[in-house]
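Here's what the structure looks like:
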């Protein structure tokens, strides 16, 4: 093996034997797996593996798509099984779930496990939007690969994303969005305009959902404790229409984003309200949902 090839392999020694995935969340071919460096490989083979990795790293999460509805339906049973074994789940407001689609599920995003628990509570296949411009830990990539999602670039909303979202709702299916974007904190954050925009162009009612109780979930599991997770569904609202004027449209998007987040905040205790803490609309929406006790 040449010195250059050996150096290239050392730079790429952190491969993982996870079907179809590379460490940096980039899909790869099955040739690009872990290669022990204490073995002398033929230079041609080593170079072929390196070329495959370089080609695969050009791919991104934007190439993913939702699995067929029948596959997601069956995976719902897996979510039901795992949810029952790993958590103690309390579901509130199930009567607010529409009998059939189309509708949009808008939920807070505090943890990577939120989508699985939403599927657990809804008992129906969901077409989730997922940020394609984020980095997902390699050991978690099996979940979005298995269930699939609609890739969404938060800085540059692609026309294909809008088309897929509209297609989902025209088929009377469920679209799942996390207005905040990625999960980075355990309190609410402002909604991203791109996600809010999708909730307006699709002209479908929005079902607010809160998922709380996933703090320190790994530590609880290691102690043999099943975390208590509360999932609450509020009353559907919307749909919304946007004005054509650009300035008025941006102002409307901000206001709709605030409304969506306040409706989610109304379903959870105040300690999770974050930047929306003390907003007067939260009390109104809590009364509308007839929620008195929303403690965790």
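In this note's numbering, the protein residues as written are 3 to 298.
Each residue gets a CB set at the ideal place from its N, CA and C atoms; glycine is no exception.
{"Check": "Tell me, which residues are paired with residue 212 by DSSP?", "Outcome": "234"}
{"Check": "Rounded to whole angstroms, what is the Cα-Cα separation between residue 86 and residue 214?", "Outcome": "16 angstroms"}
{"Check": "In this structure, does DSSP put residue 245 in helix, strand or coil?", "Outcome": "coil"}
{"Check": "What do you reckon, are the CB atoms on residue 269 and residue 106 nearer than 8 angstroms?", "Outcome": "no"}
{"Check": "Who are the Cβ neighbours of residue 284 in its own chain at under 6 angstroms, not counting the five residues just before and after it?", "Outcome": "264, 267, 268"}
{"Check": "Just how far apart, CA to CA, sit residue 247 and residue 90?", "Outcome": "48 angstroms"}
{"Check": "Quick one: measure Cβ to Cβ for residue 243 and residue 104, integer angstroms, because I've assumed they're closer than 8 angstroms.", "Outcome": "Their Cβ separation, rounded to whole angstroms, is 16 angstroms, which puts residue 243 and residue 104 out of contact at 8 angstroms."}
{"Check": "Per DSSP, which one or two residues make a beta bridge with residue 90?", "Outcome": "230"}
{"Check": "Residue 289 by DSSP, collapsed to three states: which one?", "Outcome": "helix"}
{"Check": "Does the count of Cβ pairs from the region 65-79 and the region 118-131 closer than 8 angstroms reach three?", "Outcome": "yes"}
{"Check": "My guess is that residue 232 and residue 92 are in contact by the Cβ rule of under 8 angstroms, so how many angstroms apart are they, rounded?", "Outcome": "5 angstroms"}
{"Check": "What does DSSP give as the partner residues of residue 240 in its beta bridges?", "Outcome": "DSSP lists no partner for residue 240."}
{"Check": "DSSP state of residue 117, grouped into three classes?", "Outcome": "helix"}
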